[in-house]
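Following: one structure in structure tokens, then a few remarks.
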Amino acid sequence: MAPKGGAVFFTCLVLLANAASACIFIFGDAPNATGARPSMLKPETFFDFHVLGQDWGGLCATGTEQSPIDFPKGTNSGYAATAPRTWFYYPDLVSDGNLEVINTGHNIQVQWGNMPYSGEILIPNRGTADAHVQDVLNYDASEMRTMAKGYPAQFHFHTASEHTMEGHYFPLEMHIVNLIDESELPGCDGACVAPVGTLFREVEEGDNPFLEQILKYASMTEGEVTLVPDGESIDLSYVMRSDAKYLQYKGGLTTPPCIEGFLWHVFTHESYVSRSQMNRFKELMSFKSCTIGAVPAGENATTAARKLHGADGVARHMLPAEQIHHRATYVDASGSRRQLLQDDDEVVCEAAAYGYNNRRV
């Protein structure tokens, strides 16, 4: 359940004996994200999920094609895709040492950058000079002349789900972000995106092997990137089927800046997540108890923070400071916002309560 009200309050205790302070932070605000200092961050890009997106402004508040949505009649709604259909091809991701599992501070994300990957989608369109990714929703099937090719760039997870079926939330949702070059669809005007959503139902026992491959490398530290070892794979084909039925609609980003003009696909077949795996996802996105104190002599804050990462031989590094979306500040008991980190601070964080990272509109 989300906290009530529109403001976030953190519990902070000053421990006079060792000049450290202990605070509770929601997912995305934990100050041990990079060891970076507040001057290196971009507060104007900050957002969090403390009221599930109800406090986001701009297009998030005024847009007409916002995501997510509820499908009021579930899989029997008028959103069901008919011919011609999008074609999906998501083979397994086999790491060459550059496959990344990232705790972005907003979600758990898997991306592969320049690593070769043959996944693709084909989207029906009119093949005209103003062809748009949403054409399949606006025109008769007889007008669809060609297929535009798109490529998956990354996928990430939300807990609980963002899309709902007849008002029902699922415990977990995965989004694959597919990008289409504007040369394929000139009418897109910078927003040629076709996301794909998969919903997960919870089961008592029996871990999902696909999710286990990701949870194995997901870090509790916000901003940490884990490199999947060379030769290991993430089996996307386990949950994605090329002939899958899906719902489709006009939508946009589910996080700020909430840009619109996307063609959304949400599969009608559900995958599954075990209860223990679901608890691990909620822990990764948890409220964190962080103790802030002095860094031991001879170390800097980044070195001290890296002690938390373990020594299992898996390659890890931190996202650049400008990509971390926390404010490195807190609200004290009087309501005043205070700077949290100083150059000689050490931060130690641990999970305090299960968290969430889903938008509700």
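Take the position in the sequence shown, starting the count at 1, then add 1; the result is the number in this note's numbering.
Using N, Cα and C, we set each Cβ at its ideal position, and we do this for glycine too.
Remember, predicted model here, so these are calculated numbers, not experimental data.
query                                                                                                         : result
Residues near S78 in its chain [Cβ-Cβ closer than 6 Å; skip 5 each side]                                      : F72
Where the alpha helix (DSSP H) through T255 begins and ends                                                   : Here T255 belongs to no alpha helix (DSSP H), and DSSP marks it neither H nor E.
R242 versus I177: straight-line alpha-carbon distance, rounded                                                : 13 Å
Presumed contact (8 Å Cβ cut-off) between P92 and S119, rounded CB distance                                   : 6 Å
Under the three-state DSSP convention, the category I260 falls into                                           : coil
Reduced DSSP category for Q278 - H, G, I as helix; E, B as strand; rest coil                                  : helix
Beta-carbon proximity list for A353, same chain, < 7 Å, skipping 5 on both sides                              : I25, S287, F288, K289, S290
E323, buried or exposed, once every other Cβ within 10 Å from all chains shown has been counted against 16    : Caution is warranted here: a pLDDT of 45 is assigned to E323, below 50, making its placement in the model unreliable, and no coordinate value can be reported.
Residues that Y273 bridges to, as DSSP identifies them                                                        : R202
C-alpha distance - D208 paired with F282, whole-angstrom precision                                            : 13 Å
Own chain partners of L138 with C-beta closer than 8 Å, once the 5 adjacent residues on each side are dropped : Q249, Y250, K251, L264
N- and C-terminal bounds of the beta strand (DSSP E) containing L100                                          : 100 to 104
7 Å Cβ cutoff met for G106 and G224                                                                           : yes
Proximal residues to S238 (C-beta, below 7 Å), its chain only, five neighbours per side dropped               : Y91, P92, D93
Reduced DSSP secondary structure (H/G/I, E/B, other) of F211                                                  : helix
Other residues of its chain near G369: CB distance less than 7 Å, five sequence neighbours each side excluded : Since the displayed the chain opens at 2 and closes at 362, residue 369 lies outside it and no answer follows.
Under the three-state DSSP convention, the category N179 falls into                                           : strand
Buried or exposed by the 16-neighbour rule on C-beta atoms within 10 Å, applied to D231                       : exposed
Buried or exposed by the 16-neighbour rule on C-beta atoms within 10 Å, applied to A132                       : buried
Cβ pair Y247, A82 closer than 7 Å                                                                             : yes
Euclidean distance between Cα positions of A312 and T65                                                       : Reliability fails at A312, whose pLDDT of 40 lies under 50, so the model's placement of it is uncertain and no value is given.
Boundaries of the beta strand (DSSP E) in which N108 is found, first to last residue                          : Per DSSP, N108 belongs to no beta strand (DSSP E) and is neither H nor E.
Cα-Cα separation, H157 to E144                                                                                : 34 Å
DSSP three-state assignment for D136, whether helix, strand or coil                                           : helix
Beta-bridge partners of K150, as assigned by DSSP                                                             : L123
Helix, strand or coil at M144 [DSSP, three-state]                                                             : Note on identity: in this sequence residue 144 is Glu, with Met being the wrong assignment. Helix.
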